[in-house]
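S.K.: Before we start, here is the structure in question, set down as structure tokens.
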Amino acid sequence: MRFQAVIICVCFGIAVGFPSDMAAEESNVQDTRVKREHSDENDHDFGNLGSATKAYGFGGGFGGSGHGHGHAHGHGGVGYSIGSGLVSIAQGAADQANTAIHNQHEAGGQAAFQAKNNLAQNAALAASTAQAALAGKQVIVSNLEQQARDAQGQVDAEALQLAQAQRAATATQQSSQHAQAQVRSLTAALNAAQTNADQATRAAQEAASELASQTNMVASAKQRLNLVSDQLADARADLEATQNAAYRAQAAAQTAQANAAKHAVGLHGGFGEGFGEGGFKGGFHHHY
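Residues -17 to -1, 1 to 271 (mature numbering (1 follows the signal peptide of the UniProt record, and there is no 0)) are what the sequence shown spells out, left to right.
Have a look at this one:
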């Protein structure tokens, strides 16, 4: 149970880190919009989940045999699935549960009852580990979905700003043309018309600079959306694999429980205190 708690804490730690990164990025975008200066932001720092799921192992031996499994994953940068180590944890838990069932079949007689009972408990622990990994993966997917929604909202906002900048550029360009026409037609007011033309030209240049800056901001927001969308697709695929492994682990644990209970009834005429209604039956819940 202590190991499952560690897995959940790591997953929620990763989930808490995502909103802070998004808030910092939105603050940078707002500063850029006020200053109207183009800058490239590093929009894809999602941390290194590999350090959180560096190692996971199961070990156990009964009747002169032992089995152990270890998995390690580390990722950094972009183009990887966040929390992919949880898939290995769930699959390892399913393998451990199936190994427990196999060892149960090899044990026989009254002397092997304790070994079968221990194997059933080991299978239940493996199923609980798979459930913890599934919960962690669901948290990661939920956070990525929220980031995708936020990124889409940012793209829409920047597109609106781009449209406004385009209208302003058109208006100032028309003003510049009108001022130039006044210079040609009103010779008597040449000085005043020339001043207006210069002012309109400067305004057109500023509007053009604003348009270029806004175009770059829209491109940056779209790049951010594509990155998060790719990671969300990978995380959803891993979630499906994790759910399948958790289902297999649960089925194996229930089979092991039934085998242990059946053997207990055969040996003691009804041994059931360790597997009551508060045992395995209420221990598995799936979230979507």
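Where is the CB? At the ideal position from N, CA and C, for every residue including glycine.
Measuring straight from C-alpha to C-alpha, what distance separates S158 and Q177?
M.R.: Spanning the two alpha carbons is a distance of roughly 13 angstroms.
S.K.: Nearest to Q226 by alpha carbon, out of R185, N105, A115?
M.R.: A115
S.K.: Go through its chain and collect everything with a Cβ distance to K205's Cβ below 7 angstroms, but skip five positions before and after it.
M.R.: V138
S.K.: What number of angstroms, rounded off, separates the C-alpha of A216 from the C-alpha of Q129?
M.R.: Distance between A216 and Q129, taken at the CA atoms: about 13 angstroms.
S.K.: With burial defined as no fewer than 16 other Cβ atoms inside 10 Å of the residue's Cβ, what is the status of R185: buried or exposed?
M.R.: exposed
S.K.: With a CB to CB cut of under 8 angstroms and the five nearest residues on each side skipped, what residues in its chain are close to V124?
M.R.: L215, A218, R219, L222
S.K.: Looking at A142: is its Cβ nearer than 8 angstroms to the Cβ of V201?
M.R.: yes
S.K.: For G68, count neighbouring Cβ atoms within 10 angstroms of its own Cβ and tell me buried if that reaches 16, exposed if not.
M.R.: buried
S.K.: Exposed or buried, N209, counting other C-beta atoms within 10 Å across all chains shown (16 or more means buried)?
M.R.: exposed
S.K.: Under 8 angstroms by Cβ, that's how I've got Q165 and A187 pegged, so tell me the actual separation to the nearest angstrom.
M.R.: By a beta-carbon distance limit of 8 angstroms, Q165 does not contact A187. Their separation comes to about 16 angstroms.
S.K.: Is R231 buried or exposed, if buried means 16 or more other CB atoms sit within 10 Å of its CB?
M.R.: buried
S.K.: Do you know how far the Cα of Q74 is from the Cα of A80?
M.R.: 10 angstroms
S.K.: Please report how far the alpha carbon of A154 lies from the alpha carbon of A175, in whole angstroms.
M.R.: 21 angstroms
S.K.: Would you kindly check if the distance between the Cβ of A118 and the Cβ of A236 is under 8 angstroms?
M.R.: no
S.K.: Mind checking whether A83 and N105 have CB atoms under 8 angstroms apart?
M.R.: yes
S.K.: In its own chain, which residues sit with a C-beta less than 8 angstroms from the C-beta of A191, not counting the 5 before and 5 after it?
M.R.: A152
S.K.: At the level of alpha carbons, what is the spacing between A243 and A134?
M.R.: 52 angstroms
S.K.: Return yes when the Cβ of A239 is within less than 8 angstroms of the Cβ of A103, no when it is not.
M.R.: yes
S.K.: Given L194, which residues of its chain have a CB within under 7 angstroms of its CB, disregarding the five upstream and five downstream residues?
M.R.: A148, Q149, A152
S.K.: Going by alpha carbons, who is nearest to L145 out of D213, S203, N179?
M.R.: S203
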